[in-house]
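First comes the structure, then the notes that go with it.
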Amino acid sequence: MYSCPYCGGDCINDEAVNLYITMVKKFFKYQNTESDITFERYPTVGEVGECKKTGEKIYFCPYCKKPFKAYYELEKVTINCPNCNKTLCIPPTNRTFC
Numbered sequence: 083m084y085s086c087p088y089c090g091g092d093c094i095n096d097e098a099v100n101l102y103i104t105m106v107k108k109f110f111k112y113q114n115t116e117s118d119i120t121f122e123r124y125p126t127v128g129e130v131g132e133c134k135k136t137g138e139k140i141y142f143c144p145y146c147k148k149p150f151k152a153y154y155e156l157e158k159v160t161i162n163c164p165n166c167n168k169t170l171c172i173p174p175t176n177r178t179f180c
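In structure tokens form, the structure reads like this:
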């Protein structure tokens, strides 16, 4: 259904996308845009596979429902979707604070 943002192939796990979309609906139900806590204000990006050619992770945006190349910025816990520019939290396993 979705094509890999790295190689254009079928690297995205459709089940992971469906599970993520179902789970993120609860986030939006309880989202607190006034909170000082980042993960209460912004949804966490979905990890929905990895490129079969490069091994790079693939992220998925809950706003525009499009995959994109995984990235992070040092000492930051949020990123912007390159497709719709909405702010997203990166998964805790990918956060770098050094």
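Residue numbers for the sequence shown follow the numbering used here, so the first one is 83 and each next one is one higher.
Think of the CB as a built atom: it goes at the ideal place given N, C-alpha and C, for glycine as much as any other residue.
Note that the structure is predicted; figures quoted are calculated from it, not measured.
Practice task
For the alpha helix (DSSP H) containing E132, list its first residue and its last residue.
Solution key: Residue range G128 to E132 is occupied by the beta strand (DSSP E) that includes E132, with no alpha helix (DSSP H) assigned at that position.
Exercise for the section: Name the two residues that bound the continuous beta strand (DSSP E) containing L170. Expected result: Per DSSP, the continuous beta strand (DSSP E) segment holding L170 begins and ends at T169 to C171.
Exercise for the section: With a threshold of 16 other CB atoms inside 10 Å of the CB of Y112, please say whether the residue is buried or exposed. Expected result: Burial call: exposed.
Exercise for the section: Take C133 and list the residues in its own chain whose beta-carbon comes closer than 7 Å to its own, dropping the five residues that flank it on each side. Expected result: Result list for C133: C86, Y88, C89, C93 and I140, in chain order.
Handout entry: Proximity below 7 Å, CB of F121 to CB of V130
Key = Not a contact, by the Cβ cut-off of 7 Å.
Practice task
Locate the beta strand (DSSP E) running through N95, then write down its first and last residues.
Solution key: Following the DSSP letters along the chain, one finds N95 in no beta strand (DSSP E), marked with neither H nor E.
Handout entry: Burial state of L101 (16 or more Cβ within 10 Å)
Key = Its Cβ having fewer than 16 others within 10 Å, L101 is exposed.
Handout entry: Collapsed DSSP secondary structure at I140 in the structure displayed
Key = Residue state, collapsed to three classes: strand.
Practice task
Compare the beta carbon distance of P144 and P164 with 7 Å and say whether it is the shorter of the two.
Solution key: No, they are not a contact pair.
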